[in-house]
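> To start, I am sharing the structure in question, which I have written as structure tokens.
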Amino acid sequence: MDNKLHHALEVTLSIEFHDIIVLARSRSPKAENLIKRGASLRLYTEDSLEEALAGVDVLINTVGPSGHHFKESLLRSIPASGVKLYFPCEFGVDHYVHDFQHEEWDAKKAHFQLASELIPDRSICRVYAGLFLEDSIGPWFGFDTKSGKYEAVGDPGQKTSYTSMYDVGKALAILASQPVGTIPPEVHLSGDSKSMAEIAEIMEANGAGRIQVTSVPLESYKASVLAKPSPTPERYLRFLMGEGKIHHSTDGIGNQNDLVQVTGGLSTWMSMSELAKETHGRPWAEADWDLVN
Numbered sequence: 001m002d003n004k005l006h007h008a009l010e011v012t013l014s015i016e017f018h019d020i021i022v023l024a025r026s027r028s029p030k031a032e033n034l035i036k037r038g039a040s041l042r043l044y045t046e047d048s049l050e051e052a053l054a055g056v057d058v059l060i061n062t063v064g065p066s067g068h069h070f071k072e073s074l075l076r077s078i079p080a081s082g083v084k085l086y087f088p089c090e091f092g093v094d095h096y097v098h099d100f101q102h103e104e105w106d107a108k109k110a111h112f113q114l115a116s117e118l119i120p121d122r123s124i125c126r127v128y129a130g131l132f133l134e135d136s137i138g139p140w141f142g143f144d145t146k147s148g149k150y151e152a153v154g155d156p157g158q159k160t161s162y163t164s165m166y167d168v169g170k171a172l173a174i175l176a177s178q179p180v181g182t183i184p185p186e187v188h189l190s191g192d193s194k195s196m197a198e199i200a201e202i203m204e205a206n207g208a209g210r211i212q213v214t215s216v217p218l219e220s221y222k223a224s225v226l227a228k229p230s231p232t233p234e235r236y237l238r239f240l241m242g243e244g245k246i247h248h249s250t251d252g253i254g255n256q257n258d259l260v261q262v263t264g265g266l267s268t269w270m271s272m273s274e275l276a277k278e279t280h281g282r283p284w285a286e287a288d289w290d291l292v293n
């Protein structure tokens, strides 16, 4: 299970379901913690996936980026199961708006295409949360808290959407508890949309000290990244932030927050200001990371 989404899906245990089942290859501290919270554990092998899905109505796939082969095996087990609603492992940026290829996002596209072919009679919902709030204000995205320097790619005033992983978990739980026929094929979430310039002001107000905000040209940065492909997405996400392609507000890509706010009561989302207060304006201050342009 993806470490980030393990924490997020703990929230589903606060929503009333008939049963919450964790599928795992073996017992682990993460699985045991979910069991303590009220979930049940089913151990599986790739040969027993159909049996593991017995009685499952909603399947949330949280397998990390290294598990594409297993994701396909899991997907191929769904047609013989009673699964009515499937959430593929998306939960990040909407890569369908990209104008370039990347192996991680291409694998997700291929998975969805295969799902459309294998289970056309089941509901599939892809959830895009933008960037995880807790993990994103760090040097990998240009927020060098340790040195008090933020570097934007493009306009520092361009907004990006950040959603707490716990709010993602709540949203998934709310969507999973709704009638299957009411769930749209895509859901964009937006916990808080802020620009790098705004984030600097928020962090300064909460103890960061003076933050210098600079920028590098968007087009040349993007060209340099695409000229030297890398398997991890950080460099790509930086220019996507500058292009406004992770901006899930009404004046950007848009969002479906209302689906979980109206039907599920998720009326408040964790904000950038709350993160700043929790971290005293210095999220990921001890992180070591060399910016590569």
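The sequence shown begins at 1 in full-length UniProt numbering and counts up one residue at a time.
C-beta: ideal position from N, C-alpha, C; glycine also.
Any idea what DSSP makes of R76, helix, strand or coil?
Position 76 of the sequence shown, counted from the first residue, corresponds to residue 76. The answer is helix: DSSP assigns R76 an H, G or I state.
> Here's a check: name, in chain order, each residue in its chain whose Cβ is nearer than 7 Å to the Cβ of K71, leaving out the five neighbours to either side.
In the sequence shown, the residue the question calls residue 71 occupies position 71. Contacts found: N61, V63, C89, H111.
> For the putative contact between T232 and E151, defined by C-beta atoms under 8 Å, what is the C-beta separation to the nearest angstrom?
In the sequence shown, the residue the question calls residue 232 occupies position 232. In the sequence shown, the residue the question calls residue 151 occupies position 151. Wrong, their Cβ atoms sit about 18 Å apart, outside the cutoff.
> Considering only DSSP beta bridges, list what I60 is partnered with.
Counting from one through the sequence shown, the residue named residue 60 turns up at place 60. DSSP, once it has assigned bridges, lists F87 as partnering I60.
> Around the C-beta of residue 294, are 16 or more other C-beta atoms found within 10 angstroms, so that it is buried, or is it exposed?
The requested residue 294 is not part of the displayed model; the chain covers only 1 to 293.
> With DSSP collapsed to three states, give me the class of V93.
The residue labelled residue 93 in the question sits at position 93 within the sequence shown. Of the three classes helix, strand and coil, the one that applies to V93 here is coil, per DSSP.
> Quick check on DSSP: helix, strand or coil for A24?
Here residue 24 refers to the residue found at position 24 of the sequence shown. Correct three-state label for A24: strand.
> Are at least three pairs of beta-carbons, each pair with one atom in the region 279-292 and one in the region 200-220, less than 8 Å apart?
Yes, the region 279-292 touches the region 200-220.
> Residues bridged to H71 by DSSP?
Here residue 71 refers to the residue found at position 71 of the sequence shown. A quick correction: the sequence has Lys, not His, at residue 71. Partner(s): none; K71 has no beta bridge.
> Return the CA-CA distance between Q158 and L85, expressed in angstroms with no decimal places.
Translated into the one-based positions of the sequence shown, residue 158 becomes position 158. Translated into the one-based positions of the sequence shown, residue 85 becomes position 85. Distance between the alpha carbons of Q158 and L85: 35 Å.
> Which complete alpha helix (DSSP H) runs does the region 144-173 hold, if anything under 4 residues is left out?
Whole alpha helix (DSSP H) segments, 4+ residues: zero.
> Quick one: residues in its chain with C-beta nearer than 8 Å to the C-beta of G148, no 5 flanking neighbours on either side, listed in chain order?
Taking the first residue of the sequence shown as position 1, residue 148 is located at position 148. Same-chain partners within the cutoff: A208, G209, R210, I211, Q212.
> Could you check the C-alpha separation between D167 and L34 for me, to the nearest Å?
Indexing the sequence shown from 1 puts residue 167 at position 167. Indexing the sequence shown from 1 puts residue 34 at position 34. Those two C-alpha atoms are separated by around 17 Å.
> Taking 8 Å as the cut-off, does the region 98-115 touch the region 249-261 (at least 3 CB pairs, one atom from each stretch)?
No, they do not touch.
> Should F91 be labelled buried (16 or more other beta-carbon atoms within 10 Å of its own) or exposed?
Here residue 91 corresponds to residue number 91 of the sequence shown, with the count starting at 1. Label assigned to F91: buried.
> Would V260 and A129 qualify as a contact pair, given that the criterion is a beta-carbon distance under 8 Å?
The residue labelled residue 260 in the question sits at position 260 within the sequence shown. The residue labelled residue 129 in the question sits at position 129 within the sequence shown. Their beta carbons are not under 8 Å apart, which means V260 does not touch A129 by this criterion.
> Measuring straight from C-alpha to C-alpha, what distance separates G38 and V22?
Taking the sequence shown and counting its residues from 1, the one referred to as residue 38 is at position 38. Taking the sequence shown and counting its residues from 1, the one referred to as residue 22 is at position 22. For G38 and V22, the distance between alpha carbons rounds to 10 Å.
> Is it buried or exposed for A276, if we count other Cβ within 10 angstroms and need 16 for buried?
As a working mapping, residue 276 is identified with position 276 in the sequence shown. Answer is buried; the Cβ neighbour count reaches 16.
> Go ahead and pull the three-state DSSP assignment for R126.
As a first step, residue 126 must be located in the sequence shown, where it is residue number 126. Of the three classes helix, strand and coil, the one that applies to R126 here is strand, per DSSP.
> For the alpha helix (DSSP H) containing H248, list its first residue and its last residue.
As a working mapping, residue 248 is identified with position 248 in the sequence shown. Careful: H248 lies outside any alpha helix (DSSP H) and carries neither H nor E.
> Apart from the five residues just before and just after F100, which ones in its own chain have a Cβ nearer than 7 Å to its Cβ?
Working through the sequence shown from its first residue, we reach residue 100 at position 100. Excluding positions up to five away in sequence, the list reads L226.
> How many angstroms separate the CA atom of G242 from the CA atom of S220?
What you label residue 242 is simply residue 242 of the sequence shown in a count that begins at 1. What you label residue 220 is simply residue 220 of the sequence shown in a count that begins at 1. Looking at the two C-alpha atoms, the distance is approximately 12 Å.
> Between which residues of its own chain and residue 334 is the CB-CB distance below 7 Å, once the five residues before and five after are set aside?
Because the chain is modelled from 1 through 293, residue 334 falls outside the range shown and cannot be assessed.
> Is the separation between the beta-carbon of E46 and that of S28 shorter than 8 Å?
Locating residue 46 in the sequence shown gives position 46, counting from the first residue. Locating residue 28 in the sequence shown gives position 28, counting from the first residue. No.
> Hey, would you say S193 sits closer than 8 Å to S161, going by beta carbons?
Stepping through the sequence shown from its first residue, residue 193 is reached at position 193. Stepping through the sequence shown from its first residue, residue 161 is reached at position 161. Their beta carbons are under 8 Å apart, which means S193 touches S161 by this criterion.
> For L53, count neighbouring C-beta atoms within 10 Å of its own C-beta (all shown protein chains included) and say buried if the count is 16 or more, exposed if not.
For the purposes of this step, residue 53 is taken as residue 53 along the sequence shown, with counting starting at 1. Result: buried.
> In chain order, what residues of the same chain lie with their CB nearer than 6 Å to the CB of D57, ignoring the 5 residues before and after it?
On the sequence shown, position 57 is the one that residue 57 refers to. Contacts found: K84.
> Return the CA-CA distance between D94 and T163, expressed in angstroms with no decimal places.
As a first step, residue 94 is located in the sequence shown; it is residue number 94 there, counting from the start. As a first step, residue 163 is located in the sequence shown; it is residue number 163 there, counting from the start. For D94 and T163, the distance between alpha carbons rounds to 14 Å.
> What residues match up with residue 382 in a beta bridge as DSSP calls it?
Any answer about residue 382 is impossible in this case: the structure gives the chain only from 1 up to 293.
> What's the call for P156, buried or exposed, on a 16-neighbour Cβ count within 10 Å?
Taking the first residue of the sequence shown as position 1, residue 156 is located at position 156. When all chains shown are included, P156 counts as buried.
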